[in-house]
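First the structure, in the form of structure tokens, and then the observations on it.
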Amino acid sequence: LSSTIRRAMRIYDNSRLYPVWRDALTRGQSIEKEAIFLSRLLKQQGVRTVLDLGGGCGTHARLLQDEGFDVTVLDASKEELDAAMRKGLTTIHCRFEEIHLEKRYDSAMSIWTTFPPYVSDPEGQKRVFSHLSGIVDKMMIFDQSNFAMLPECIDETYSGMQDNHELTVRRKGTFDGKVRRLRYEHRYLDRCSMIEQEWHDDEVIRYCSVEDQASFLGPIWRCVGKYGDFDGAAYEEGSSDRLISVWGRT
285 LSSTIRRAMR IYDNSRLYPV WRDALTRGQS IEKEAIFLSR LLKQQGVRTV
335 LDLGGGCGTH ARLLQDEGFD VTVLDASKEE LDAAMRKGLT TIHCRFEEIH
385 LEKRYDSAMS IWTTFPPYVS DPEGQKRVFS HLSGIVDKMM IFDQSNFAML
435 PECIDETYSG MQDNHELTVR RKGTFDGKVR RLRYEHRYLD RCSMIEQEWH
485 DDEVIRYCSV EDQASFLGPI WRCVGKYGDF DGAAYEEGSS DRLISVWGRT
């Protein structure tokens with residue numbers, strides 16, 4: 285016998301289901317490979333302190349911490365940050381649009397299309413980039429989907445399972461060349477209790493070109509690398525899955 289609960293919920297606010305959700309959408313991509321890529325870039329510039337923008341439960345931050353980096357996770361989800369703190373990470377509870385930090389960092393990074401795409405307007409993106417420009421001393425890394433390759437419409441279904449947690453995600457949306465509007469429809473089954481939950485989650489993603497990033501950061505920063513994946517391959521507009529821009533202070 286099963287029962288179903290239907291509601292609206294942000295997946296980022298559920299630290300128990302978020303890893304299952306990520307596994308479903310990324311089809312088991314290697315977090316370790318991503319952390320090795322990031323660690324190599326950071327070590328090349330002598331980075332010690334890192335601000336992880338939208339780092340959630342500390343997926344990458346924990347691995348970088350194990351490599352000897354001092355990582356602070358900034359995120360809008362208190363529940364995700366609680367999970368990060370349980371991993372021994374320093375956290376800051378803040379929305380991107382409200383960011384105003386006094387502490388300086390060697391580096392800032394945004395992985396898995398968090399900032400800047402989740403700042404909803406260009407002026408907001410500009411304010412955050414400008415603030416980061418003033419508190420980061422060595423390097424910034426911004427990862428987002430290669431929006432040059434995104435289709436105008438999508439309707440895809442993914443599934444994932446961890447332990448007794450089974451999650452099916454249907455992702456539907458449109459893309460106009462710069463802004464992506466998505467609806468996630470989730471169906472979750474707890475195989476122990478056989479309780480099923482269904483919820484939806486809407487989001488708007490505004491992608492930010494390298495040219496816009498340069499304009500927002502100002503002349504003291506220059507793009508020192510563009511990568512198409514976490515394997516270190518060079519970015520190709522017509523074929524790469526990711527657009528990972530790396531910035532160095534001049």
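Residue numbers for the sequence shown follow our numbering, so the first one is 285 and each next one is one higher.
For each residue, glycine too, the CB sits at the ideal point set by N, CA and C.
For residue i, list the residues DSSP reports as bridge partners.
{"i": "R370", "result": "According to DSSP, which records beta bridges pairwise, R370 is partnered with nothing at all."}
{"i": "V494", "result": "Paired residues: none, contrary to the question."}
{"i": "R389", "result": "One detail in the question is off: residue 389 reads as Tyr in this sequence, not Arg. In DSSP, Y389 forms a bridge with V420."}
{"i": "A518", "result": "Y511"}
{"i": "H377", "result": "D359"}
{"i": "L335", "result": "T356, A392"}
{"i": "I383", "result": "Looking at the DSSP assignment, I383 forms no beta bridge with any residue, so it has no partner."}
Excluding the 5 residues flanking residue i on each side, which residues of the same chain have their C-beta closer than 6 Å to its C-beta?
{"i": "N298", "result": "none"}
{"i": "G535", "result": "The question about residue 535 has no answer here: the residues shown for the chain are numbered 285 through 534."}
{"i": "F514", "result": "K317, E318, F321"}
{"i": "C437", "result": "T458"}
{"i": "W510", "result": "In the sequence as displayed, the identity of residue 510 is Lys instead of Trp. So the qualifying residues of the chain are Y519, S529."}
{"i": "F426", "result": "S394, S529"}
{"i": "Y472", "result": "L451, Q481"}
{"i": "L301", "result": "none"}
Judging by CA-CA distance, which residue of the options is the nearest neighbour of residue i?
{"i": "F380", "options": "D496, A432, V357", "result": "V357"}
{"i": "R534", "options": "G502, G522, Y511, Y519", "result": "Per the sequence shown, the amino acid found at residue 534 is Thr instead of Arg. Selected option, being the one with the closest Cα: G502."}
{"i": "L466", "options": "H484, E521, S477, Y519", "result": "H484"}
{"i": "R326", "options": "L337, Y302, R346, F353", "result": "Rather than Arg, the amino acid found at residue 326 in this sequence is Leu. Of the listed residues, the one whose Cα sits closest to L326 is F353."}
{"i": "G338", "options": "A432, E382, D474", "result": "E382"}
{"i": "G340", "options": "Q329, E351, L365, R346", "result": "L365"}
{"i": "Y468", "options": "S477, I479, E487", "result": "E487"}
{"i": "G512", "options": "S429, E495, H470", "result": "S429"}
{"i": "G330", "options": "R455, Y402, E351, V403", "result": "E351"}
{"i": "R346", "options": "T397, W396, H470, A368", "result": "A368"}
Determine the direct distance from the alpha carbon of residue j to that of residue i, and round the result to whole angstroms.
{"i": "Q405", "j": "I376", "result": "Residue identity check: residue 405 is Asp in the sequence provided, not Gln. Rounded to the nearest angstrom, the two C-alpha atoms are 23 Å apart."}
{"i": "E440", "j": "V463", "result": "18 Å"}
{"i": "S287", "j": "Q481", "result": "Low confidence applies to S287: its pLDDT is 41, below 50, so where it sits in the model is not reliable, and the reading given next is rough at best. Their backbone Cα atoms lie some 8 Å apart in a straight line."}
{"i": "L434", "j": "T458", "result": "9 Å"}
{"i": "C492", "j": "L527", "result": "10 Å"}
{"i": "I315", "j": "S323", "result": "12 Å"}
{"i": "T343", "j": "Q349", "result": "10 Å"}
{"i": "Y442", "j": "I504", "result": "42 Å"}
{"i": "F431", "j": "G461", "result": "7 Å"}
{"i": "D359", "j": "R475", "result": "30 Å"}
{"i": "V556", "j": "F399", "result": "An answer regarding residue 556 cannot be provided, because it is not within the stretch 285 to 534 covered by the chain."}
{"i": "D447", "j": "L373", "result": "25 Å"}
{"i": "K371", "j": "L385", "result": "23 Å"}
{"i": "G522", "j": "I479", "result": "44 Å"}
{"i": "R490", "j": "V453", "result": "22 Å"}
{"i": "E407", "j": "V494", "result": "16 Å"}
{"i": "D525", "j": "G516", "result": "12 Å"}
{"i": "C378", "j": "R455", "result": "27 Å"}
{"i": "T397", "j": "S477", "result": "34 Å"}
{"i": "H470", "j": "Q328", "result": "41 Å"}
{"i": "V403", "j": "H449", "result": "31 Å"}
{"i": "S361", "j": "S414", "result": "23 Å"}
Once you ignore the five residues that flank residue i on each side, which residues in its own chain have a CB closer than 8 Å to its CB?
{"i": "Y389", "result": "T333, V334, L335, T356, I419, V420, D421"}
{"i": "W531", "result": "M423, M424, I425, F426, Q497, L501, W505, R506, C507, V508"}
Could you tell me the boundaries of the alpha helix (DSSP H) in which residue i lies?
{"i": "R346", "result": "343-350"}
{"i": "A319", "result": "315-328"}
Need the endpoints of the beta strand (DSSP E) that residue i sits in, please.
{"i": "G502", "result": "Taken as a continuous stretch (DSSP letters only), G502 belongs to no beta strand (DSSP E), as it is neither H nor E."}
{"i": "F426", "result": "420-429"}
{"i": "E469", "result": "463-474"}
{"i": "E450", "result": "449-459"}
{"i": "C437", "result": "437-446"}
{"i": "D354", "result": "354-359"}
{"i": "S529", "result": "526-533"}
Tell me which residues share the same chain as residue i and place their Cβ nearer than 7 Å to its Cβ, disregarding the 5 neighbours each side in the sequence.
{"i": "L416", "result": "A392, M424"}
{"i": "K410", "result": "F500"}
{"i": "R291", "result": "Residue confidence for R291 is low, a pLDDT of 49 falling below 50, so the modelled location carries little weight; the figure read from the coordinates is stated next. Excluding residues within five positions, the ones whose Cβ falls inside 7 Å are W483."}
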